[in-house]
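A.B. asks: Quick note, the sequences are listed as chains A and B, same order. Under numbering that gives the first Met the number 0, the first residue of the first sequence carries the number 0, and numbering increases by one thereafter. Under numbering that gives the first Met the number 0, the first residue of the second sequence carries the number 0, and numbering increases by one thereafter. From the three backbone atoms N, C-alpha and C, an ideal C-beta is built for every residue, glycine too. Structure in structure tokens, see below.
There are 2 protein chains.
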Amino acid sequence: MIAVHMETHQLHLHPLKKHKLKVTKSRKALLQVLETSPQLLSADDIFEKVNKHVASDRATIYRTLHTFESLGIIDQVQLNDGLLRYEIAHEHGHHHHVVCTGCGVVEHISDAPTEKALHNMSKKLKQFSVITEHTLELFGICKKCVPKHKV
Amino acid sequence: MIAVHMETHQLHLHPLKKHKLKVTKSRKALLQVLETSPQLLSADDIFEKVNKHVASDRATIYRTLHTFESLGIIDQVQLNDGLLRYEIAHEHGHHHHVVCTGCGVVEHISDAPTEKALHNMSKKLKQFSVITEHTLELFGICKKCVPKHKV
DNA sequence: AATCTAAATGCAATTAAGTCGCATTAATAT
DNA sequence: ATATTAATGCGACTTAATTGCATTTAGATT
Numbered sequence: 000m001i002a003v004h005m006e007t008h009q010l011h012l013h014p015l016k017k018h019k020l021k022v023t024k025s026r027k028a029l030l031q032v033l034e035t036s037p038q039l040l041s042a043d044d045i046f047e048k049v050n051k052h053v054a055s056d057r058a059t060i061y062r063t064l065h066t067f068e069s070l071g072i073i074d075q076v077q078l079n080d081g082l083l084r085y086e087i088a089h090e091h092g093h094h095h096h097v098v099c100t101g102c103g104v105v106e107h108i109s110d111a112p113t114e115k116a117l118h119n120m121s122k123k124l125k126q127f128s129v130i131t132e133h134t135l136e137l138f139g140i141c142k143k144c145v146p147k148h149k150v
Numbered sequence: 000m001i002a003v004h005m006e007t008h009q010l011h012l013h014p015l016k017k018h019k020l021k022v023t024k025s026r027k028a029l030l031q032v033l034e035t036s037p038q039l040l041s042a043d044d045i046f047e048k049v050n051k052h053v054a055s056d057r058a059t060i061y062r063t064l065h066t067f068e069s070l071g072i073i074d075q076v077q078l079n080d081g082l083l084r085y086e087i088a089h090e091h092g093h094h095h096h097v098v099c100t101g102c103g104v105v106e107h108i109s110d111a112p113t114e115k116a117l118h119n120m121s122k123k124l125k126q127f128s129v130i131t132e133h134t135l136e137l138f139g140i141c142k143k144c145v146p147k148h149k150v
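This is the structure we're talking about:
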């Protein structure tokens with residue numbers, strides 16, 4: 000009864016308890032921020048958003064991001080500007096992103112035909128016999144932002 | 000006769016003259032370095048290699064890279080480590096890279112089936128109707144490096 | 001060939017993203 | 001309630017990249 004109650008409105012505590020990490024204000028806020036964001040967020044985005052709720056230091060944010068990343072709680076993503084961005088790790092595993100250049104909203108994709116085409120292509124390479132990974136990110140304008148760009 | 004002679008061993012001057020840029024030692028060396036590199040090179044890689052031939056400053060290298068990039072002489076590439084890398088621009092246009100994580104050697108690819116799969120996939124997106132671009136980079140171990148990684 | 005001038009360079013200072021050491025604080029096990 | 005150890009805050013530092021400014025130089029002009 001009590002356990003059920005706790006679970007329902009404190010879902011963001013799970014990853015911390017699960018990995019025996021101390022439940023601090025900064026970490027709770029960071030998780031909250033990532034869980035509710037429709038965008039991929041940079042360390043600085045996260046720093047700003049966390050600090051609207053609790054006082055936290057950049058070094059703490061960076062260290063927390065590293066900790067969470069190495070535990071698989073969050074994923075790092077490189078887009079095309081060299082800035083690392085973060086998202087809550089997907090249970091689905093391998094996937095890619097479509098990012099709106101207007102508002103930053105992200106749609107997650109994992110498309111079997113594309114993966115198959117990539118696999119076929121990798122067999123045609125001249126200098127490579129082993130492909131270990133790939134990055135694939137798409138950029139576009141989301142339906143909400145299309146009107147703004149029509150102007 | 001004279002023109003032919005000049006062309007044969009000074010191909011790297013063409014882009015400079017073509018764009019009415021001054022032909023300096025640093026720029027010649029930078030072009031030479033990029034033209035002969037089987038790898039994508041970071042600004043710092045280029046700085047080091049250029050300075051084996053002529054004395055040049057980092058600021059000069061960065062400015063030259065910007066100039067060349069905006070004129071389409073070279074292309075910028077983001078891999079997965081946040082460092083900008085450069086290559087001589089391909090006349091072929093749109094293409095992707097396969098990068099050896101051992102030695103950095105790059106194979107250039109442009110695969111119609113993959114592009115078609117990406118195109119099909121983009122039509123299935125929920126939040127997007129317009130896709131403007133995509134990045135796709137593959138990582139693997141090249142045939143020369145496979146033996147080293149077997150150890 | 002000597003001179004002129006805009007373009008390019010070298011140098012130093014600056015910014016931005018991220019990291020690290022260390023003393024202090026605070027979460028949680030006892 | 002206390003002890004222990006993880007986590008934090010702060011400041012200094014690193015690395016990639018940018019910028020202002022005085023000097024130099026490529027190449028056009030005479």
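Spatial neighbours of Val-148 (chain A) within its chain, please: C-beta separation below 6 Å, excluding the five flanking residues on both sides.
C.D. replies: The residue labelled residue 148 (chain A) in the question sits at position 149 within the first sequence. Looking at the sequence shown, residue 148 (chain A) is not Val but His. These residues qualify, in order along the chain: Ile-140.
A.B. asks: Apply the 10 Å Cβ neighbour rule to Pro-14 (chain B) and answer buried if 16 or more other Cβ atoms are within range, or exposed otherwise.
C.D. replies: Here residue 14 (chain B) is taken as the residue at index 15 of the second sequence, counted from 1. Classification of Pro-14 (chain B): buried, given that the 10 Å Cβ count is 16 or more.
A.B. asks: In the DSSP assignment, what residue or residues form a beta bridge with Gly-139 (chain A)?
C.D. replies: Here residue 139 (chain A) refers to the residue found at position 140 when the first sequence is read from its first residue. Answer is A:Cys-99 and B:Ile-130.
A.B. asks: Touching or not, the stretch 24-43 of chain A and the stretch 81-89 of chain A, by the rule of three or more beta carbon pairs under 8 Å?
C.D. replies: Yes, the stretch 24-43 of chain A is in contact with the stretch 81-89 of chain A.
A.B. asks: Are the Cβ atoms of Leu-70 (chain A) and Val-49 (chain A) separated by less than 8 Å?
C.D. replies: Numbered from its first residue, the first sequence carries residue 70 (chain A) at position 71. Numbered from its first residue, the first sequence carries residue 49 (chain A) at position 50. Contact flag unset, no.
A.B. asks: In chain order, what residues of the stretch 106-119 of chain B put their CB closer than 9 Å to some CB of chain A?
C.D. replies: Per Cβ criterion, the list reads Glu-106, Ile-108, Asp-110, Pro-112, Thr-113, Glu-114, Lys-115, Ala-116, Leu-117 and Asn-119.
A.B. asks: Cα-Cα, which of B:Ile-72, B:Lys-21 and B:Val-98 is closest to His-91 (chain B)?
C.D. replies: Translated into positions along the second sequence, residue 91 (chain B) becomes position 92. Residue B:Ile-72 is the option with its Cα nearest to His-91 (chain B).
A.B. asks: Tell me, to the nearest whole angstrom, how far the beta carbon of Gln-75 (chain A) is from that of Thr-134 (chain A); I am working on the premise that it is less than 8 Å.
C.D. replies: Here residue 75 (chain A) corresponds to residue number 76 of the first sequence, with the count starting at 1. Here residue 134 (chain A) corresponds to residue number 135 of the first sequence, with the count starting at 1. Their Cβ separation, rounded to whole angstroms, is 11 Å, which puts Gln-75 (chain A) and Thr-134 (chain A) out of contact at 8 Å.
A.B. asks: Per DSSP, what are the beta-bridge partners of Ser-41 (chain B) in this structure?
C.D. replies: Counting from one through the second sequence, the residue named residue 41 (chain B) turns up at place 42. Per DSSP, B:Arg-84.
A.B. asks: My assumption, with CB atoms under 8 Å, is that Thr-59 (chain B) sits in contact with Ser-25 (chain B). Please give the rounded CB distance.
C.D. replies: Within the second sequence, numbered from 1, the residue matching residue 59 (chain B) stands at position 60. Within the second sequence, numbered from 1, the residue matching residue 25 (chain B) stands at position 26. The Cβ separation is near 5 Å, so the contact holds.
A.B. asks: Taking DSSP as the reference, what is the three-state secondary structure of His-107 (chain B)?
C.D. replies: Position 108 of the second sequence, counted from the start, is the residue given in the question as residue 107 (chain B). His-107 (chain B): strand per DSSP, three-state reduction.
A.B. asks: Pop quiz: Val-105 (chain B) and His-96 (chain B) are said to be a contact at Cβ under 8 Å. What is the actual Cβ separation, rounded to whole angstroms?
C.D. replies: Counting from 1 along the second sequence, the entry for residue 105 (chain B) is found at position 106. Counting from 1 along the second sequence, the entry for residue 96 (chain B) is found at position 97. Sure, about 5 Å apart at Cβ, within 8 Å.
A.B. asks: Between Val-129 (chain B) and Val-32 (chain A), is the Cβ-Cβ spacing less than 8 Å?
C.D. replies: For the purposes of this step, residue 129 (chain B) is identified with residue 130 of the second sequence, where counting begins at 1. For the purposes of this step, residue 32 (chain A) is identified with residue 33 of the first sequence, where counting begins at 1. Result no, Cβ atoms of Val-129 (chain B) and Val-32 (chain A) do not sit closer than 8 Å.
A.B. asks: Compare the Cα-Cα distances from Phe-138 (chain A) to each of A:Cys-99, A:Thr-113 and A:Glu-132 and report the closest residue.
C.D. replies: Here residue 138 (chain A) corresponds to residue number 139 of the first sequence, with the count starting at 1. Closest option to Phe-138 (chain A), Cα to Cα, is A:Cys-99.
A.B. asks: The stretch 35-60 of chain B: which residues have C-beta closer than 7 Å to a C-beta of chain A, in chain order?
C.D. replies: Cβ contacts with chain A: none found.
A.B. asks: From the DSSP output, which residues share a beta bridge with Val-76 (chain B)?
C.D. replies: Residue mapping note: residue 76 (chain B) aligns to position 77 of the second sequence, counting from 1. Bridge partners of Val-76 (chain B): B:Arg-84.
A.B. asks: Between Glu-6 (chain B) and the rest of its own chain, which residues show a CB-CB distance below 6 Å, the 5 nearest in sequence each way excluded?
C.D. replies: The residue you call residue 6 (chain B) lines up with position 7 of the second sequence. Note that Glu-6 (chain B) scores a pLDDT of 39, beneath 50, so its modelled location is shaky; the value from the coordinates is reported in the next line. Hits under 6 Å: none found.
A.B. asks: Compare the C-beta of Ile-130 (chain A) against all C-beta atoms of chain B and say whether one is closer than 8 Å.
C.D. replies: Stepping through the first sequence from its first residue, residue 130 (chain A) is reached at position 131. At least one chain B Cβ lies under 8 Å of Ile-130 (chain A).
A.B. asks: Which residues in chain B have a C-beta closer than 9 Å to the C-beta of Cys-102 (chain A)? List them in chain order.
C.D. replies: Reading the first sequence from its first residue, position 103 is the one you call residue 102 (chain A). Ordered by position in chain B, no residue passes the 9 Å Cβ test against Cys-102 (chain A), which lies about 10 Å from the chain.
A.B. asks: Would you grab the beta carbon distance between Pro-112 (chain B) and Asn-119 (chain A) for me? Rounded to a whole angstrom, and I think it's under 8 Å.
C.D. replies: Taking the second sequence and counting its residues from 1, the one referred to as residue 112 (chain B) is at position 113. Taking the first sequence and counting its residues from 1, the one referred to as residue 119 (chain A) is at position 120. That belief holds up - the Cβ atoms of Pro-112 (chain B) and Asn-119 (chain A) are roughly 7 Å apart, short of 8 Å.
A.B. asks: Starting from the Cα of His-89 (chain B), find the closest Cα among B:Asn-79, B:Gly-101 and B:Ser-109 and give me that residue.
C.D. replies: To locate residue 89 (chain B), count along the second sequence from 1; it is residue 90. Per the Cα distances, B:Ser-109.
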